[in-house]
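Colleague: Right, I'll just put the structure down here and ask away after.
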Amino acid sequence: MYDQFYGLQGRPFQLTPDPAYYFESATHRKALSYLGYGLAQGEGFIVITGDIGAGKTTLVGHLMQTIDPARLTAVKIVSTQVEGDDMLRLAAQSFGLATDGQTKAATLRQIESFLYAQARAGRRTLLIVDEAQNLSVSAIEELRMLSNFQLGGQSLLQIFLLGQPEFRDLLKSSELEQLRQRVIATHHLEPMMAGEVEPYVLHRLSIAGWQGNPSFTPAAYDALYAATGGVPRRLNALVSRVLLLGAIEQLAVIDANVVGAVVEDMGLDADIAPEPAAPSVLDTIEDAEGSVANFALVEDEDRSAEINPEPEESAMEEPVIDAPFAAPEVDVQEASESVEAVNTADGFAAEQLRHDMMAEIEALRGEIASLRAMQAHAPFAPNPEVQIDPDALKSCFTLIEERLASLEFRAEEQDTALRRVLTLLIDWVEREEQNADMQAVA
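What follows is the structure in structure tokens.
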């Protein structure tokens with residue numbers, strides 16, 4: 001109804017995912033970086049998670065529109081509560097293979113033959129599994145076994161796993177250790193930021209032929225974000241109802257009062273704050289940005305860093321060891337002020353130095369990511385005339401990695417030195433307090 005009243009040529013806020021309305025928010029841009037990186041690698045698992053309605057399906061649909069089907073066969077399955085054998089049949093059927101009445105061994109042979117045929121035809125194969133949080137451990141293990149198929153040392157199947165946040169917890173299972181070792185990149189889709197709501201709404205309206213009617217006030221966008229937390233599907237549902245009310249009331253301007261009326265009618269919270277994703281063992285992959293062949297590609301970090309959590313800070317601290325010399329005479333008040341000085345004025349300087357150093361480290365990692373992406377993606381570059389000098393690329397790698405190693409070593413030394421200074425100062429204060437107490441008792 002509202003599309004006719006406002007002269008729109010479609011339904012820009014329908015709940016069914018439509019890649020035609022894809023909007024690249026900051027978090028979707030990062031996710032696309034990982035997906036593009038995965039395609040360049042041609043192996044392993046890419047894990048993308050996000051809350052319900054975060055835009056996972058739309059993101060992958062957009063990616064599929066950019067892929068050349070003559071070079072990549074991509075199929076998608078939406079999983080349910082399936083076990084291992086059922087997952088094999090689902091995968092085979094998605095490849096167009098008949099599995100009725102066949103044994104598991106026969107199904108595996110069919111899949112293997114299909115993958116070989118695709119490789120001989122010059123095509124890679126990508127399997128996308130949506131709603132992966134519903135998979136059993138046995139089903140996920142079957143997917144891992146499918147990724148074992150190789151030809152000439154090259155993997156024949158690459159797998160993208162899309163799921164809700166609980167899928168990250170499932171991957172922590174000890175039974176899935178081998179699969180975690182094959183995860184080459186992971187990203188969690190966060191809700192959109194408040195400043196992205198307006199461009200998101202206008203982007204979708206414009207695709208549907210919007211000519212400026214209706215207009216939204218700045219307060220209306222604030223109200224939309226407050227009621228939805230920036231989750232795309234929630235936002236779509238709310239804006240659709242807002243436009244419906246606008247059409248019924250024949251409104252040319254949508255303000256915060258209109259949004260508020262719909263929010264109240266829908267029974268939504270007027271102030272929803274998006275919750276950050278719980279930390280995961282898969283979150284240690286570094287974010288880095290580059291751009292090759294329409295994809296922002298990211299650095300291929302060491303596999304062990306991707307799948308193992310960082311040790312707790314307390315476990316990394318230097319043990320407190322009694323000094324081999326007597327503690328100097330220190331006034332308690334003066335020592336306390338020294339500790340405070342380290343934590344304030346000197347702390348600010350140290351923090352700024354560390355911030356600058358970490359910024360340079362991240363920049364260098366980004367350069368390495370870009371170079372590795374160029375190297376990995378070169379065989380599949382859409383422009384075969386582009387030539388990359390291997391010697392020059394290797395030289396760039398060497399220089400940047402040497403600088404990165406130096407900075408990381410300095411950062412580690414700085415942390416260690418600071419912890420030692422603080423430990424000594426605190427130890428001196430405690431000793432003087434104990435001496436003062438003993439003298440008072442005497």
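Heads up, the final residue of the sequence shown is numbered 442 in the UniProt record's numbering, and it's a clean run with no missing numbers.
The beta carbon of each residue, even a glycine, is placed where N, CA and C say it ideally should be.
#1: Excluding the 5 residues preceding and the 5 following residue 136 in the sequence, name in chain order all residues of the same chain whose CB lies nearer than 6 Å to its CB.
#2: Report yes if the CB atom of residue 171 is closer than 9 Å to the CB atom of residue 159, and no otherwise.
#3: Which term fits residue 116, buried or exposed, when burial requires 16 or more other beta carbons within 10 angstroms of its beta carbon?
#4: Starting from residue 228, follow the alpha helix (DSSP H) in both directions and report where the run begins and ends.
#5: Would you identify the three-state DSSP class for residue 57, choosing helix, strand or coil?
#6: Can you round the beta-carbon distance between residue 42 and residue 155 to whole angstroms, since I take them to be within the 8 Å contact cut?
#7: Using the rule of at least 16 other Cβ atoms within 10 Å of the residue's Cβ for burial, across every protein chain shown, is residue 173 buried or exposed?
#8: Please report the straight-line C-alpha distance between residue 77 and residue 130, rounded to a whole angstrom.
#9: Please report the distance separating the alpha-carbon of residue 157 from that of residue 209.
#10: I'd like to confirm the pairing. Which residues does DSSP put opposite residue 130 in its beta bridges?
#11: Taking residue 55 as the reference, give the member of 70, 37 and 25 with the closest Cα.
#12: Using the C-alpha atoms, what's the distance from residue 194 back to residue 222?
#13: Please look up how many angstroms separate the CB atoms of residue 72 and residue 120, rounded, as I've assumed it's under 8 Å.
#14: Where residue 12 and residue 49 are concerned, what is the direct C-alpha to C-alpha distance, given to the nearest angstrom?
#15: Return the bridge partner residues of residue 89 from the DSSP annotation.
#16: Going by the beta-carbon positions, is the gap between residue 252 and residue 1 smaller than 9 Å?
#17: Determine the DSSP secondary structure at residue 242, reduced to helix, strand or coil.
#18: Please indicate yes or no: does the CB of residue 1 lie closer than 8 Å to some heavy atom of the ligand ATP?
#19: Does the segment 28-48 touch the segment 259-270, meaning 3 or more C-beta pairs lie closer than 8 Å?
#20: Classify residue 69: buried if its beta carbon has 16 or more other beta carbons within 10 angstroms, exposed otherwise.
#21: Under DSSP, the beta strand (DSSP E) around residue 49 begins and ends at which residues?
#22: Excluding the 5 residues flanking residue 94 on each side, which residues of the same chain have their C-beta closer than 6 Å to its C-beta?
#23: Pull up the distance between the alpha-carbon of residue 16 and that of residue 113, whole angstroms please.
#24: Which term fits residue 218, buried or exposed, when burial requires 16 or more other beta carbons within 10 angstroms of its beta carbon?
#25: What is the residue span of the alpha helix (DSSP H) that residue 207 lies within?
#26: Would you kindly work out how many angstroms separate the C-alpha atoms of residue 256 and residue 19, rounded to a whole number?
#27: Between residue 202 and residue 214, what straight-line distance do the alpha-carbon atoms span, to the nearest angstrom?
#28: Specify the secondary structure class of residue 176 as computed by DSSP and reduced to three states.
#29: Indicate whether residue 91 and residue 67 have their beta-carbon atoms separated by less than 9 Å.
#30: To which residues does DSSP link residue 183 through a beta bridge?
#31: Is residue 61 near residue 232, with beta carbons less than 9 Å apart?
#32: Suppose you measure from the CA of residue 126 to the CA of residue 206; what does that come to, to the nearest Å?
#33: I need the DSSP call for residue 158, collapsed to helix, strand or coil.
Modeller: Taking the structure as given:
#1: Your numbering for residue 136 matches position 136 in the sequence shown. In chain order, 83 place their CB closer than 6 Å to the CB of residue 136, counting only its own chain and leaving out the 5 sequence neighbours on each side.
#2: The residue labelled residue 171 in the question sits at position 171 within the sequence shown. The residue labelled residue 159 in the question sits at position 159 within the sequence shown. No, these two residues do not count as a Cβ contact at 9 Å.
#3: Position 116 of the sequence shown, counted from the start, is the residue given in the question as residue 116. Under this definition residue 116 is an exposed residue.
#4: As a first step, residue 228 is located in the sequence shown; it is residue number 228 there, counting from the start. Taken as a continuous stretch (DSSP letters only), the alpha helix (DSSP H) holding residue 228 covers 218-228.
#5: Start at 1 with the first residue of the sequence shown, and residue 57 comes out as number 57. Correct three-state label for residue 57: helix.
#6: Counted from its first residue, the sequence shown places residue 42 at position 42. Counted from its first residue, the sequence shown places residue 155 at position 155. Residue 42 to residue 155, Cβ: 6 Å. Contact.
#7: Residue 173 sits at position 173 when you count from the first residue of the sequence shown. By the neighbour-count rule (16 or more Cβ atoms within 10 Å), residue 173 is not buried but exposed.
#8: What you label residue 77 is simply residue 77 of the sequence shown in a count that begins at 1. What you label residue 130 is simply residue 130 of the sequence shown in a count that begins at 1. Answer to the nearest angstrom: the Cα atoms are 6 Å apart.
#9: Here residue 157 is taken as the residue at index 157 of the sequence shown, counted from 1. Here residue 209 is taken as the residue at index 209 of the sequence shown, counted from 1. Going from the Cα of residue 157 to the Cα of residue 209 covers about 40 Å.
#10: Residue mapping note: residue 130 aligns to position 130 of the sequence shown, counting from 1. DSSP lists 78 as partners of residue 130.
#11: By one-based count along the sequence shown, residue 55 stands at place 55. For the residues 70, 37 and 25, the minimum Cα distance to residue 55 belongs to 25.
#12: To locate residue 222, count along the sequence shown from 1; it is residue 222. To locate residue 194, count along the sequence shown from 1; it is residue 194. Whole-angstrom Cα-Cα distance: 7 Å.
#13: Within the sequence shown, numbered from 1, the residue matching residue 72 stands at position 72. Within the sequence shown, numbered from 1, the residue matching residue 120 stands at position 120. With 8 Å as the limit, residue 72 and residue 120 do not qualify as a contact, their Cβ atoms being about 15 Å apart.
#14: Locating residue 12 in the sequence shown gives position 12, counting from the first residue. Locating residue 49 in the sequence shown gives position 49, counting from the first residue. CA-CA distance, residue 12 to residue 49, rounds to 24 Å.
#15: Along the sequence shown, read from residue 1 onward, the residue named residue 89 stands at position 89. For residue 89, which the question treats as bridged, DSSP gives no partner whatsoever.
#16: Sequence index remark: in the sequence shown, residue 252 carries index 252 (1-based). Sequence index remark: in the sequence shown, residue 1 carries index 1 (1-based). Cβ distance not < 9 Å, so residue 252 and residue 1 don't count as in contact.
#17: In the sequence shown, the residue the question calls residue 242 occupies position 242. In this structure, residue 242 counts as helix in the three-state DSSP scheme.
#18: Only the bare structure without any ligand can be found here, which leaves the ligand ATP out of the picture.
#19: no
#20: Taking the first residue of the sequence shown as position 1, residue 69 is located at position 69. Classification of residue 69: exposed, given that the 10 Å Cβ count is below 16.
#21: If you number the sequence shown from 1, residue 49 lands on position 49. Note, residue 49: beta strand (DSSP E), 45-50.
#22: Reading the sequence shown from its first residue, position 94 is the one you call residue 94. So the list reads 75 and 77, once near-sequence residues are dropped.
#23: Numbered from 1 along the sequence shown, position 16 holds the residue referred to as residue 16. Numbered from 1 along the sequence shown, position 113 holds the residue referred to as residue 113. Taking the straight line joining both Cα atoms gives about 35 Å.
#24: Taking the first residue of the sequence shown as 1, we reach residue 218 at position 218. Label assigned to residue 218: exposed.
#25: On the sequence shown, position 207 is the one that residue 207 refers to. It spans 197-207 - the alpha helix (DSSP H) in which residue 207 sits, taken as one unbroken run.
#26: Counting from one through the sequence shown, the residue named residue 256 turns up at place 256. Counting from one through the sequence shown, the residue named residue 19 turns up at place 19. Roughly 29 Å between the two C-alpha positions.
#27: Within the sequence shown, residue 202 is the residue found at index 202, counting from 1. Within the sequence shown, residue 214 is the residue found at index 214, counting from 1. If you take the alpha carbons of residue 202 and residue 214, they lie about 11 Å apart.
#28: The residue you call residue 176 lines up with position 176 of the sequence shown. Helix.
#29: Looking up residue 91 in the sequence shown gives position 91. Looking up residue 67 in the sequence shown gives position 67. No, Cβ-Cβ distance for residue 91 and residue 67 is not below 9 Å.
#30: Here residue 183 corresponds to residue number 183 of the sequence shown, with the count starting at 1. In DSSP, residue 183 forms a bridge with 45.
#31: If you number the sequence shown from 1, residue 61 lands on position 61. If you number the sequence shown from 1, residue 232 lands on position 232. Contact flag unset, no.
#32: As a working note, residue 126 is residue 126 in the sequence shown. As a working note, residue 206 is residue 206 in the sequence shown. Straight-line Cα distance between these residues: approximately 33 Å.
#33: Numbered from its first residue, the sequence shown carries residue 158 at position 158. Note: residue 158 maps to strand in three-state DSSP.
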